[in-house]
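Undergrad: First the structure, which I've put down as structure tokens, then a few questions once you've had a look.
Number of protein chains: 2
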Amino acid sequence: MALGKEWFTEVCEEHGSAFSLKVKQKLHEEQTEFQKIEVYDTTQFGKLMIIDGFTMVSTRDNFLYHEMMSHPVLYTHPAPNRVLIIGGGDCGTLKEVLKHPEVKLAQQVEIDERVTRLSEQYFPELCDSNNDPRAALHFVDGLKWVKDAEAGYYDVIIIDSTDPIGPAEGLFNEAFYRDCRKALGENGILVQQSESPLYHVKLIKAMRDAMGKAGFEQFRTLDFPQPLYPSGWWSATMASKQGVLDHFREEESQNKSFATLYYSSERHKVSMVEVPLLAAVLD
Amino acid sequence: MALGKEWFTEVCEEHGSAFSLKVKQKLHEEQTEFQKIEVYDTTQFGKLMIIDGFTMVSTRDNFLYHEMMSHPVLYTHPAPNRVLIIGGGDCGTLKEVLKHPEVKLAQQVEIDERVTRLSEQYFPELCDSNNDPRAALHFVDGLKWVKDAEAGYYDVIIIDSTDPIGPAEGLFNEAFYRDCRKALGENGILVQQSESPLYHVKLIKAMRDAMGKAGFEQFRTLDFPQPLYPSGWWSATMASKQGVLDHFREEESQNKSFATLYYSSERHKVSMVEVPLLAAVLD
């Protein structure tokens, strides 16, 4: 059947699939200096933000992505005091990061301030930690920010970006990873959203190769469901300067003081071992 | 954007979402005694079988469902010699079940023989164990089969059915679960596909309540990605007559003689603990 005008559809031409959400109305549309942002009110997924035609975040299912971009890396680092988020303008990752008492500073460096302003308006629940004294929001180019960073300053860098086309393209290459590595302390870990384990195995492999060339030593690609994104199955790839990815602070994860809907210490543990489909290609 | 006629779309009206696959052509369409079956050739997902408008199985992503419907329950039972599959006419679950050397008999009881004949034609890779001497294919009503079964005969019953509407409706209620329980041996385990953890929490809870009323003692709902099904996130619920769900044959799972793309002993272990989203509702 053909879907009518009351649906927003994202087509993934390369893999011959599409995902659609039924919408009540378009709440906002603007062309910023960087990209086109739309916000819809959907019938069942709450609010929906679209950037350049691609689904970014919905009220209903964002917990999966935001929990998995933050808690595994933060419970893996032995003492995550200083965290840098590149992108992440909807502030959902920042909110999860700030739930960790070990975090003393969480900087969010988003190139497009409008993403954050629209998130404050339409996804206020993701932004309610923005005034935490440990949070610092900067609206500048993340590439330049990392290049200029003091060597060894950060414990964790989270790259919460759009797909590797358009403004985010430079966030998926060796030169950038080299700058990240320099900006990370001894036990430093980088984590980056790495697309679909079913659709983008080659991209994941290329990312890991580039991270390796940049000097990172260990890698793990975690996978998790994500209805909004192509194939409904998504991933994040961790890379560490030293061999710190074999363990995590399991007891602290088990006794965490905040509730989650997807992340748990058990899921963290299984993330330590890649899904066979990926392991076969990545090893 | 609106999708043209070259797409097959399944709409989930209740949750305001839809998933589409791009098709090259329709290969087959028939109205059987029980349901309407269509088969498409897609551009990127291989063959696609549709029953009464709902996606059933694709070449590309069926491994997720079939592995998770079979290996967790089979490695949880201490000695799965006799396995009954209700539904499962595409034979993909049967194929996975037969990979276990402990299995001496695997009966597949599918009400609609045409599902299997079409699978043999369009999904031959799922049917290549159908001539295994341990396999027995019966094309009769699964409800009646279970009611008439010898008490205590089966070790594992796998309910690999369509959604709880239409021909499969009777497979989701207390009376049927009671018959299953009677047909299972002392350490017997039932596993049933149980829809989306994001969309169908109430259904999962109702299933588990009905299983409990039928006398089952322990329950576990495993979740896994499944691009083809609504929300891209799916589940299977295990129920045991006795407390056998706290452990599994981990060493045998680790040393299994066959390859998998999703299942692993690590993923099995994490399946022992429900995703927090479900745990909060089910406990």
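Residue numbers (the numbering used here), protein chains in the order written: chain R, 133 to 415; chain W, 133 to 415. All C-beta atoms, glycine included, are put in the ideal place defined by N, C-alpha and C.
Against residue 277(R), what residues of chain W qualify as contacts under a CB-to-CB distance less than 9 Å, listed in chain order?
TA: On the first sequence, residue 277(R) is found 145 positions in, with the first residue counted as 1. What residue 277(R) touches in chain W: nothing, since even the nearest Cβ is about 34 Å away.
Undergrad: Count the other CB atoms, across all protein chains shown, that sit within 10 Å of the CB of residue 378(R); report buried if there are 16 or more and exposed otherwise.
TA: Taking the first sequence and counting its residues from 1, one reaches residue 378(R) at position 246. It is exposed - the Cβ of residue 378(R) has fewer than 16 other Cβ atoms within 10 Å.
Undergrad: Taking 8 Å as the CB-CB limit, is residue 224(R) close to chain W?
TA: Within the first sequence, the letter at position 92 stands for residue 224(R). Not closer than 8 Å to any Cβ of chain W, the Cβ of residue 224(R) fails to qualify, so no.
Undergrad: Could you tell me if residue 311(R) is buried or exposed, where buried requires 16 or more neighbouring beta carbons within 10 angstroms of its beta carbon?
TA: Numbered from 1 along the first sequence, position 179 holds the residue referred to as residue 311(R). Buried is the call here.
Undergrad: Could you please give the first and the last residue of the uninterrupted alpha helix (DSSP H) stretch that includes residue 246(R)?
TA: In the first sequence, counting from the first residue as 1, residue 246(R) sits at position 114. 245 to 254 is the span of the alpha helix (DSSP H), which, as asked, contains residue 246(R).
Undergrad: Can you name, in chain order, every residue of its own chain whose Cβ lies under 7 Å from the Cβ of residue 337(R), other than the five neighbours on each side?
TA: Residue 337(R) sits at position 205 when you count from the first residue of the first sequence. The residues are 413 and 414.
Undergrad: Can you check which of these residues, 411(W), 388(W) and 382(W), is closest to residue 369(W) by C-alpha distance?
TA: Position 237 of the second sequence holds residue 369(W). Among 411(W), 388(W) and 382(W), the Cα nearest to that of residue 369(W) is on 411(W).
Undergrad: Provide the residue(s) that pair with residue 201(W) in DSSP beta bridges, ordered along the chain.
TA: Residue 201(W) sits at position 69 when you count from the first residue of the second sequence. Answer by DSSP bridge pairing: none, since residue 201(W) is not bridged.
Undergrad: From the DSSP output, which residues share a beta bridge with residue 269(W)?
TA: If you number the second sequence from 1, residue 269(W) lands on position 137. Residue 269(W) pairs with 240(W).
Undergrad: Could you check the C-alpha separation between residue 176(W) and residue 320(W) for me, to the nearest Å?
TA: Numbered from its first residue, the second sequence carries residue 176(W) at position 44. Numbered from its first residue, the second sequence carries residue 320(W) at position 188. One C-alpha to the other measures close to 39 Å.
Undergrad: Spatial neighbours of residue 204(R) within its chain, please: CB distance less than 8 Å, with the 5 preceding and 5 following residues excluded, ordered by chain position.
TA: By 1-based counting over the first sequence, the position of residue 204(R) is 72. Within the same chain, residue 204(R) has close Cβ partners 323, 354, 368, 370, 380, 395, 400 and 403.
Undergrad: So is residue 298(W) buried or exposed if we call it buried at 16+ other beta carbons inside 10 Å?
TA: Sequence index remark: in the second sequence, residue 298(W) carries index 166 (1-based). When all chains shown are included, residue 298(W) counts as exposed.
Undergrad: Is any beta-carbon of chain W found at less than 8 Å from that of residue 228(R)?
TA: Reading the first sequence from its first residue, position 96 is the one you call residue 228(R). No, because no Cβ of chain W sits closer than 8 Å to the Cβ of residue 228(R).
Undergrad: What number of angstroms, rounded off, separates the C-alpha of residue 161(R) from the C-alpha of residue 309(R)?
TA: Here residue 161(R) is taken as the residue at index 29 of the first sequence, counted from 1. Here residue 309(R) is taken as the residue at index 177 of the first sequence, counted from 1. For residue 161(R) and residue 309(R), the distance between alpha carbons rounds to 33 Å.
Undergrad: For a contact defined as C-beta to C-beta under 7 Å, what are the partners of residue 193(R) on chain W?
TA: Taking the first sequence and counting its residues from 1, the one referred to as residue 193(R) is at position 61. Ordered by position in chain W, the residues that pass the 7 Å Cβ test against residue 193(R) are 330.
Undergrad: Hey, how far is the Cα of residue 230(R) from the Cα of residue 292(R)?
TA: For the purposes of this step, residue 230(R) is identified with residue 98 of the first sequence, where counting begins at 1. For the purposes of this step, residue 292(R) is identified with residue 160 of the first sequence, where counting begins at 1. So the alpha carbons of these two residues sit roughly 15 Å apart.
Undergrad: Can a CB atom of chain R be found closer than 8 Å to the CB of residue 337(W)?
TA: For the purposes of this step, residue 337(W) is taken as the residue at position 205 of the second sequence. No, no contact with chain R.
Undergrad: Mind listing the chain R neighbours of residue 342(W)? Cutoff is C-beta to C-beta under 7 Å, in chain order.
TA: Residue numbering aside, residue 342(W) sits at position 210 when the second sequence is read from its first letter. Chain R residues near residue 342(W): none, gap ~25 Å exceeds 7 Å.
Undergrad: When you compare the CB positions of residue 303(R) and residue 261(R), do they come within less than 8 Å of one another, or not?
TA: Along the first sequence, one-based indexing puts residue 303(R) at 171. Along the first sequence, one-based indexing puts residue 261(R) at 129. Contact flag unset, no.
Undergrad: When you compare each of 406(W), 332(W), 345(W) and 384(W) to residue 352(W) by their alpha carbons, which one comes out closest?
TA: Taking the second sequence and counting its residues from 1, the one referred to as residue 352(W) is at position 220. Comparing Cα positions, the closest option is 406(W).
Undergrad: If you run the structure through DSSP and keep just helix, strand and coil, what is residue 386(W)?
TA: Numbered from its first residue, the second sequence carries residue 386(W) at position 254. DSSP places residue 386(W) in helix when its eight states are reduced to three.
Undergrad: Quick check on DSSP: helix, strand or coil for residue 336(W)?
TA: Reading the second sequence from its first residue, position 204 is the one you call residue 336(W). Residue 336(W): helix per DSSP, three-state reduction.
Undergrad: For residue 244(W) and residue 301(W), I'd like the C-alpha separation in whole angstroms.
TA: As a working note, residue 244(W) is residue 112 in the second sequence. As a working note, residue 301(W) is residue 169 in the second sequence. Taking the straight line from one Cα to the other gives about 15 Å.
Undergrad: Counting only runs of 4+ residues fully inside the segment 204 to 233 of chain R, write out the alpha helix (DSSP H) ranges in chain order.
TA: Listed in chain order, the complete alpha helix (DSSP H) runs (minimum 4 residues) inside the segment 204 to 233 of chain R are 224 to 229.
Undergrad: Considering just the uninterrupted stretch of the alpha helix (DSSP H) at residue 180(R), what are its terminal residues?
TA: Here residue 180(R) refers to the residue found at position 48 of the first sequence. Per DSSP, residue 180(R) belongs to no alpha helix (DSSP H); it is in the beta strand (DSSP E), 179 to 183.
Undergrad: Flag residue 164(R) as yes if its beta-carbon sits less than 8 Å from any beta-carbon of chain W, otherwise no.
TA: On the first sequence, position 32 is the one that residue 164(R) refers to. By this cut-off, residue 164(R) is not an interface position.
Undergrad: Does residue 187(R) have its Cβ less than 8 Å from a Cβ in chain W?
TA: For this step, residue 187(R) is matched to residue 55 along the first sequence. Judged by the 8 Å Cβ criterion, residue 187(R) is not in contact with chain W.
Undergrad: Determine whether the Cβ of residue 352(W) lies closer than 8 Å to any Cβ atom of chain R.
TA: Looking up residue 352(W) in the second sequence gives position 220. Not one chain R Cβ lies under 8 Å of residue 352(W).
Undergrad: Near residue 272(W), what residues of its chain come up, given a Cβ to Cβ distance below 8 Å and the 5 sequence neighbours on each side ignored?
TA: As a position in the second sequence, residue 272(W) is number 140, starting the count at 1. Excluding positions up to five away in sequence, the list reads 241 and 243.
Undergrad: How about residue 374(W) and residue 398(W): are their beta carbons less than 8 Å apart?
TA: On the second sequence, residue 374(W) is found 242 positions in, with the first residue counted as 1. On the second sequence, residue 398(W) is found 266 positions in, with the first residue counted as 1. It is not a contact, given that the beta carbons lie outside the stated cut-off.
Undergrad: For residue 194(W), count neighbouring C-beta atoms within 10 Å of its own C-beta (all shown protein chains included) and say buried if the count is 16 or more, exposed if not.
TA: Here residue 194(W) corresponds to residue number 62 of the second sequence, with the count starting at 1. Residue 194(W) comes out buried.
Undergrad: Go to residue 259(W), then tell me how far its alpha helix (DSSP H) extends in each direction, as first and last residue.
TA: In the second sequence, counting from the first residue as 1, residue 259(W) sits at position 127. Careful: residue 259(W) lies outside any alpha helix (DSSP H) and carries neither H nor E.
Undergrad: Who are the neighbours of residue 405(R) on chain W, taking C-beta pairs under 7 Å?
TA: Here the question's residue 405(R) lines up with position 273 in the first sequence. Within chain W, the residues near residue 405(R) are 396 and 398.
Undergrad: Closest to residue 152(R) by C-alpha separation, out of 165(W), 198(W), 265(W) and 143(W), would be which residue?
TA: The count along the first sequence starts at 1 and reaches residue 152(R) at position 20. Checking every option, the nearest Cα to that of residue 152(R) belongs to 143(W).
Undergrad: For residue 253(W), tell me which candidate among 221(W), 329(W), 282(W) and 270(W) has the shortest Cα-Cα distance.
TA: The residue you call residue 253(W) lines up with position 121 of the second sequence. Among 221(W), 329(W), 282(W) and 270(W), the Cα nearest to that of residue 253(W) belongs to 221(W).
Undergrad: Taking a cut of 7 Å between CB atoms, which residues from the segment 255 to 276 of chain R lie near chain B?
TA: Chain labels in this structure do not include chain B; the protein chains are R and W.
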